[in-house]
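Trainee: Structure provided below as structure tokens; questions to follow.
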Ligand SMILES: Cc1cc2nc3c(=O)[nH]c(=O)nc-3n(C[C@H](O)[C@H](O)[C@H](O)COP(=O)(O)OP(=O)(O)OC[C@H]3O[C@@H](n4cnc5c(N)ncnc54)[C@H](O)[C@@H]3O)c2cc1C
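In my numbering, the protein residues as written are 687 to 1105.
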């Protein structure tokens, strides 16, 4: 798939991760995590760290491999085959690492980024609050200056690694007069600073990641834990949203791919009315549509990854990839379950687990409604900032154009509509 778009190095990293997934991830770990396990999958992260496959993009100086975004997307798709929870554990070093690598000081990179890439420190991110996740800049968590330090008060919910992470990258309001986008600062808060877990969630899927509501009450944070500049948390947030949304796009492609492979093999063997069910277009066309959509999703993900590699503003491309890939991934798992019939609804096959996992992908890391908001915003901004249309024969600003359009419409209406 898409072999022609990949370099030899990219193919090699994909094959390396595929082998890691096959050799290192025991089915019992997946079942244990799915059985409402609360403990974080430390072993998986430590093994991934030892294999040097965490944070592939980051500089070699901090333990990364200095690879491009496409390599990371290939890695996430392979891990996505296992479901969303391990994909999330694998992605968090990349997401939080992006903030630290881009905006952190040398000391912060050595203290947090390098051990995270080695799998020795577990990280989590606190963006969502009980008040709501979509309106991120409306955050209620505060950090008030007290001498040189900051006193943080607030809570974050659904934090993956809420149970299990050693430190969190959290956002708090530091300027109470500024506009929302200029009011937040990013901080590293360590669990031992006094982070409390107040609620452990029972989840439909994506289990075993220690999702919890964490509370920070009068936690004192030294100034060197600020990531980036004071009140410029928006820059850190925007940078982190690239890996956050790209990883949550690539994972479901792996899930969809795995589900369709299972379904295709099943459809080949399963018989009804004297034939293999794959002979029926009702079944085989589902496979055709899902694979086409997964390939289209992969194209959008690689495209966004390539734009990200150039360092250009890629908000639209990333959101397009996130929306399309998460919906294509979910649809593929949904159709795979239909192809398997009743047995797909049982835990004999992993489809029902993938289904529960895939459902989350359109909600988290910025819901798909929020992604569509971003896409339309970028599209309107781009079109309306051009001083003319590229279609020279349609002079949209002249009244004549509307008349011409109306005339064409009238003529065709006269022709085709009944009197
Ligand atoms: C298992 C799990 C793990 C998670 N992990 C983390 C984590 O590690 N860290 C973290 O910070 N967060 C995490 N999240 C939170 C997740 O990112 C949020 O749930 C998500 O961003 C949506 O926020 P919300 O749940 O508060 O919904 P709300 O913001 O309350 O939105 C509710 C609904 O309204 C829609 N909506 C909101 N505004 C608009 C609008 N303007 N136009 C159209 N529709 C709109 C939303 O799309 C959604 O459908 C996790 C969530 C889950 C379930």
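By construction, the Cβ of each residue, glycine as well, lies at the ideal position given by its N, Cα and C atoms.
According to DSSP, is residue 953 helix, strand or coil?
Mentor: helix
Trainee: Enumerate, from N- to C-terminal direction, the unbroken beta strand (DSSP E) stretches of 3 or more residues contained entirely within the segment 791-838.
Mentor: 809-812 and 828-832
Trainee: Could you tell me the alpha carbon to alpha carbon distance between residue 1038 and residue 870, rounded to whole angstroms?
Mentor: 40 Å
Trainee: Starting from residue 778, trace the alpha helix (DSSP H) in both directions and tell me its first and last residue.
Mentor: 770-789
Trainee: Any idea what DSSP makes of residue 736, helix, strand or coil?
Mentor: helix
Trainee: Under a three-way DSSP split, which group does residue 1104 fall into?
Mentor: Bear in mind that the predicted position of residue 1104 carries a pLDDT of just 46, short of 50, making it unreliable; the figure below should be weighed with that in mind. Coil at residue 1104, not helix or strand.
Trainee: What does DSSP give as the partner residue(s) for residue 962 in the beta ladder?
Mentor: 957
Trainee: Can the beta-carbon of residue 994 be found less than 8 Å from the beta-carbon of residue 928?
Mentor: yes
Trainee: Taking all protein chains shown into account, do 16 or more other C-beta atoms lie within 10 angstroms of the C-beta of residue 1070, making it buried, or fewer, making it exposed?
Mentor: exposed
Trainee: Quick one: residues in its chain with C-beta nearer than 8 Å to the C-beta of residue 903, no 5 flanking neighbours on either side, listed in chain order?
Mentor: 839, 880 and 882
Trainee: Closest to residue 806 by CA distance: which of 843, 740 and 855 is it?
Mentor: 740
Trainee: Write down the C-beta distance between residue 761 and residue 703 rounded to the nearest angstrom, noting that I regard them as a contact closer than 8 Å.
Mentor: 4 Å
Trainee: Along the chain, where does the alpha helix (DSSP H) containing residue 718 start, and where does it finish?
Mentor: 713-720
Trainee: Should the segment 841-850 be called in touch with the segment 806-815, which here means at least 3 C-beta pairs below 8 Å?
Mentor: As far as the Cβ criterion goes, the segment 841-850 touches the segment 806-815, which means the pair count is three or higher.
Trainee: For residue 857, list the residues DSSP reports as bridge partners.
Mentor: Bridge partners of residue 857: 872.
Trainee: In whole angstroms, give me the CA-to-CA distance for residue 701 and residue 878.
Mentor: 39 Å
Trainee: In this structure, how does DSSP classify residue 924 when only helix, strand and coil are distinguished?
Mentor: helix
Trainee: Count the CB pairs spanning the segment 965-973 and the segment 1038-1055 that are closer than 8 Å, and state whether there are at least three.
Mentor: no
Trainee: Residue 758 by DSSP, collapsed to three states: which one?
Mentor: In the displayed model, residue 758 falls within a helix according to three-state DSSP.
Trainee: According to DSSP, is residue 1108 part of a helix, a strand, or is it coil?
Mentor: Because the chain spans 687 through 1105 in this model, residue 1108 falls outside it and cannot be assessed.
Trainee: Hey, could you find the ends of the alpha helix (DSSP H) residue 1054 is sitting in?
Mentor: 1054-1071
Trainee: Closest to residue 920 by C-alpha separation, out of 854, 864 and 966, would be which residue?
Mentor: Residue 864 is the option with its Cα nearest to residue 920.
Trainee: For residue 972, which of helix, strand or coil comes out of DSSP?
Mentor: helix
Trainee: Less than 8 Å between C-beta atoms, sequence neighbours within five positions excluded: which residues of the same chain meet that for residue 688?
Mentor: 981, 984, 985 and 988
Trainee: DSSP three-state call for residue 849: helix, strand or coil?
Mentor: Coil at residue 849, not helix or strand.
Trainee: How is residue 840 classed by DSSP in three states: helix, strand or coil?
Mentor: Judged by DSSP in its simplified three-state form, residue 840 adopts strand.
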